[in-house]
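Trainee:
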DNA sequence: CTATGGCACGGATT
DNA sequence: AATCCGTGCCATAG
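In this note's numbering, the protein residues as written are 51 to 530.
1. Please report the distance separating the alpha-carbon of residue 449 from that of residue 412.
2. Please list the segments of the alpha helix (DSSP H) lying wholly inside the region 186-222, counting only runs of 4 or more residues, in order along the chain.
3. Would a C-beta distance cut-off of 8 Å place residue 424 and residue 442 closer than the cut-off?
4. Taking only runs that begin and end inside the region 72-129, name each unbroken beta strand (DSSP E) of 3 or more residues, in chain order.
5. Spatial neighbours of residue 2 within its chain, please: C-beta separation below 7 Å, excluding the five flanking residues on both sides.
6. Can you tell me whether residue 289 is buried or exposed, with buried defined as 16 or more other CB within 10 angstroms of its CB?
7. First and last residue of the alpha helix (DSSP H) that includes residue 350?
8. Would you identify the three-state DSSP class for residue 179, choosing helix, strand or coil?
9. To the nearest angstrom, how far is the alpha carbon of residue 88 from that of residue 101?
10. Under 8 Å between the Cβ atoms of residue 227 and residue 182?
11. Closest by CA to residue 285, which one among 275, 279, 293?
12. Residues in its own chain within less than 6 Å of residue 99 by CB, not counting five upstream and five downstream?
13. I need the DSSP call for residue 257, collapsed to helix, strand or coil.
14. Would residue 499 and residue 515 qualify as a contact pair, given that the criterion is a beta-carbon distance under 8 Å?
15. Considering just the uninterrupted stretch of the beta strand (DSSP E) at residue 323, what are its terminal residues?
16. Rounded to whole angstroms, what is the Cα-Cα separation between residue 455 and residue 209?
17. Just verifying my parser: in three-state terms, what is the DSSP assignment at residue 498?
18. Mind pulling the beta strand (DSSP E) runs of 3 or more residues that sit fully within the region 438-501?
19. Taking only three categories from DSSP, how would you classify residue 335?
20. Tell me which residues share the same chain as residue 184 and place their Cβ nearer than 6 Å to its Cβ, disregarding the 5 neighbours each side in the sequence.
21. What do you reckon, are the CB atoms on residue 111 and residue 120 nearer than 8 Å?
22. Name the one or two DSSP bridge partners that residue 134 has.
23. Among 465, 483, 361, 237, which one has its Cα closest to the Cα of residue 408?
24. Out of 354, 461, 262, point me to the one whose CA is closest to residue 94's CA.
25. Within the same chain, show all residues whose beta-carbon is closer than 8 Å to that of residue 470, passing over the 5 residues directly before and after it, in chain order.
26. Using C-beta distances below 6 Å, list every residue in its chain close to residue 179, excluding the 5 sequence neighbours before and after it, in chain order.
27. Quick check on the DSSP output: the alpha helix (DSSP H) that includes residue 384 runs from which residue to which?
28. Taking all protein chains shown into account, decide if residue 405 is buried (16 or more other Cβ within 10 angstroms of its Cβ) or exposed.
29. Would residue 238 and residue 296 qualify as a contact pair, given that the criterion is a beta-carbon distance under 8 Å?
30. Could you tell me how far apart the beta carbons of residue 259 and residue 235 are, in whole angstroms, since I believe they sit closer than 8 Å?
31. Specify, as a first and last residue, the run of the alpha helix (DSSP H) that residue 420 falls within.
32. Give the range of the alpha helix (DSSP H) segment to which residue 278 is assigned.
33. From residue 225 to residue 263, what does the alpha carbon distance come to, in whole angstroms?
34. In the DSSP assignment, the alpha helix (DSSP H) including residue 518 goes from what residue to what residue?
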């Protein structure tokens with residue numbers, strides 16, 4: 051019942067989205083693309099400029115970006131340059147030099163759901179199976195787990211439970227193996243069975259996960275050994291196998307800034323903004339911000355329409371009539387272009403400020419993120435705070451080190467502290483308790499309550515001190 | 001007795 | 001107005 055309700059809500063959100071033509075700021079690149087495609091299809095007066103022009107001076111260019119002159123001028127006025135990368139319709143690559151280090155990870159960056167669908171779809175035979183498959187993929191959480199039981203899914207989709215189970219089993223076979231599992235335990239079981247099929251299985255590890263899971267997560271090797279009737283040494287060897295070969299979070303994307311060490315490479319949609327570190331010969335390193343967007347200069351109004359519309363409007367006015375509908379379309383087209391220009395302008399100004407303030411974070415890592423609120427940035431930029439909120443929502447940034455992270459991460463108040471905690475625990479001699487960590491942080495000038503350390507640690511997927519002496523990486527990390 | 005997680009409150013943020 | 005977040009208190013597990 052709850053499921054059906056959520057579903058309903060989402061549909062509503064989607065429709066209002068399309069109705070709001072003016073709010074382009076809230077859209078990310080992918081959404082903007084659909085929006086522009088739609089506008090082009092509906093509006094005969096609007097057309098796409100095939101020839102790319104420099105967003106600064108409007109001069110024609112070979113392959114987009116900004117022309118060298120404008121680039122130099124931008125460079126002169128500060129360390130941050132902002133360039134718009136005009137984005138050709140239906141292209142999924144970022145036009146730029148392929149030798150930058152971020153491109154390697156970018157090439158692999160397919161949205162996880164698309165990637166799963168590509169693999170699953172060929173095995174789906176009937177229309178009903180397609181519906182089930184699409185639904186299952188949509189309902190995966192950020193770990194790649196499916197919390198709903200096949201029964202609930204069957205109930206919601208009005209189909210036999212066997213059909214759901216059949217599709218789900220196929221989803222389990224898909225890369226990264228283990229997606230669609232209900233929880234960490236089932237995920238590891240699936241991975242172990244998968245390995246067994248290719249002859250690399252580990253029978254004891256499988257039994258351990260299937261029959262002694264509670265002992266395993268408690269770190270109670272003796273108890274596990276007793277239950278399975280084997281030597282403790284064998285159990286320890288099996289847990290090492292698990293730690294080395296399996297990953298409990300199949301969709302180990304950047305989540306709370308944490309990537310599981312043995313997890314697969316994060317897959318994320320195309321970024322909206324790319325921040326590059328450019329070394330221009332003189333040893334001077336500059337941060338260059340490229341915005342992946344439609345340059346408004348790429349869209350234009352058909353000349354014929356514009357001329358005729360001017361005439362028609364003048365004619366209509368002199369005769370006291372309202373102009374014809376196609377003339378209205380011309381107005382709508384120019385309004386659309388204006389909105390696009392506005393959007394890019396806002397985004398550009400915002401990013402310039404943001405990169406200036408968070409330079410250390412971008413270059414040196416999570417620990418150097420300066421806590422900043424959207425409201426503060428709004429003040430700096432001189433726009434309303436809700437403008438920043440909308441501009442940040444749903445967008446992603448590619449950092450110079452190749453990570454693609456949500457833009458919202460720039461406003462994470464606790465990221466640097468979480469990074470410190472991870473660092474402390476990684477280098478600890480003996481397992482430190484949350485209280486001890488809190489004291490250490492206080493010595494560094496970070497005042498956080500013991501309880502808060504516990505929450506952060508949990509969010510990082512790190513088990514409590516008492517369970518930490520072993521390899522143990524299996525820990526769902528429930529708290530937020 | 002100590003370390004940790006659950007619940008809930010209040011203040012900040014969106 | 002709704003939501004998120006840090007924290008204190010208390011129960012419980014080890």
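For each residue, glycine too, the CB sits at the ideal point set by N, CA and C.
From a predicted model like this one, the values you see are computed outputs, not experimental measurements.
Mentor: The structure says:
1. Counting from 1 along the first chain, the entry for residue 449 is found at position 399. Counting from 1 along the first chain, the entry for residue 412 is found at position 362. Taking the straight line joining both Cα atoms gives about 7 Å.
2. Whole alpha helix (DSSP H) segments, 4+ residues: 200-207, 211-222.
3. Mapped onto the first chain, residue 424 falls at position 374. Mapped onto the first chain, residue 442 falls at position 392. The criterion of a C-beta distance shorter than 8 Å is satisfied by residue 424 and residue 442.
4. Counting only runs of 3 or more, we get 96-98.
5. Nothing about residue 2 can be reported from this structure: the residues present for the chain run from 51 to 530 only.
6. Start at 1 with the first residue of the first chain, and residue 289 comes out as number 239. That one is buried.
7. Numbered from 1 along the first chain, position 300 holds the residue referred to as residue 350. Unbroken run through residue 350 is the beta strand (DSSP E), 349-351; no alpha helix (DSSP H).
8. To locate residue 179, count along the first chain from 1; it is residue 129. The DSSP-derived three-state label of residue 179 is helix.
9. For the purposes of this step, residue 88 is taken as the residue at position 38 of the first chain. For the purposes of this step, residue 101 is taken as the residue at position 51 of the first chain. For residue 88 and residue 101, the distance between alpha carbons rounds to 21 Å.
10. What you label residue 227 is simply residue 177 of the first chain in a count that begins at 1. What you label residue 182 is simply residue 132 of the first chain in a count that begins at 1. Result no, Cβ atoms of residue 227 and residue 182 do not sit closer than 8 Å.
11. On the first chain, position 235 is the one that residue 285 refers to. Nearest of 275, 279, 293 to residue 285, Cα basis: 275.
12. Residue mapping note: residue 99 aligns to position 49 of the first chain, counting from 1. Same-chain partners within the cutoff: 348, 350.
13. The residue you call residue 257 lines up with position 207 of the first chain. Three-state result, residue 257: helix.
14. Position 449 of the first chain holds residue 499. Position 465 of the first chain holds residue 515. Not closer than 8 Å, so no.
15. Locating residue 323 in the first chain gives position 273, counting from the first residue. 323-329 is the span of the beta strand (DSSP E), which, as asked, contains residue 323.
16. The count along the first chain starts at 1 and reaches residue 455 at position 405. The count along the first chain starts at 1 and reaches residue 209 at position 159. Residue 209 has its alpha-carbon roughly 38 Å from the corresponding atom of residue 455.
17. As a first step, residue 498 must be located in the first chain, where it is residue number 448. Three-state DSSP puts residue 498 in coil, outside helix and strand.
18. DSSP runs (the beta strand (DSSP E)) wholly in the region 438-501: 446-448, 454-456.
19. Start at 1 with the first residue of the first chain, and residue 335 comes out as number 285. In the structure shown, residue 335 falls within a strand segment according to DSSP collapsed to helix, strand and coil.
20. Taking the first residue of the first chain as position 1, residue 184 is located at position 134. For residue 184, same chain residues with a beta-carbon under 6 Å away, outside a window of 5 residues either side, do not exist.
21. By 1-based counting over the first chain, the position of residue 111 is 61. By 1-based counting over the first chain, the position of residue 120 is 70. The beta carbons of residue 111 and residue 120 sit no closer together than 8 Å.
22. Counted from its first residue, the first chain places residue 134 at position 84. DSSP output for residue 134 lists 341 as bridge partner(s).
23. Stepping through the first chain from its first residue, residue 408 is reached at position 358. Comparing alpha carbon positions, the residue from 465, 483, 361, 237 closest to residue 408 is 465.
24. As a working note, residue 94 is residue 44 in the first chain. Considering only alpha carbons, the answer is 354.
25. The sequence position of residue 470 within the first chain is 420, counting from 1. Within the same chain, residue 470 has close Cβ partners 417, 491, 494, 496.
26. As a working note, residue 179 is residue 129 in the first chain. Here the set comprises 217.
27. For the purposes of this step, residue 384 is identified with residue 334 of the first chain, where counting begins at 1. 375-407 is the extent of the alpha helix (DSSP H) around residue 384.
28. Counting from one through the first chain, the residue named residue 405 turns up at place 355. Counting the other CB atoms within 10 Å of its CB gives residue 405 a total of 16 or more, which places it among the buried residues.
29. Numbered from 1 along the first chain, position 188 holds the residue referred to as residue 238. Numbered from 1 along the first chain, position 246 holds the residue referred to as residue 296. Yes, Cβ-Cβ distance for residue 238 and residue 296 is below 8 Å.
30. Indexing the first chain from 1 puts residue 259 at position 209. Indexing the first chain from 1 puts residue 235 at position 185. Contact between residue 259 and residue 235 is confirmed by a C-beta separation of about 6 Å, below the 8 Å threshold.
31. Stepping through the first chain from its first residue, residue 420 is reached at position 370. Annotation for residue 420: no alpha helix (DSSP H) segment contains it, and DSSP assigns it neither H nor E.
32. Numbered from its first residue, the first chain carries residue 278 at position 228. Unbroken alpha helix (DSSP H) run through residue 278: 271-278.
33. What you label residue 225 is simply residue 175 of the first chain in a count that begins at 1. What you label residue 263 is simply residue 213 of the first chain in a count that begins at 1. Across the structure, residue 225 and residue 263 are spaced so that their CA atoms are roughly 24 Å apart.
34. One-based indexing of the first chain puts residue 518 at position 468. No alpha helix (DSSP H) contains residue 518, which DSSP labels as neither H nor E.
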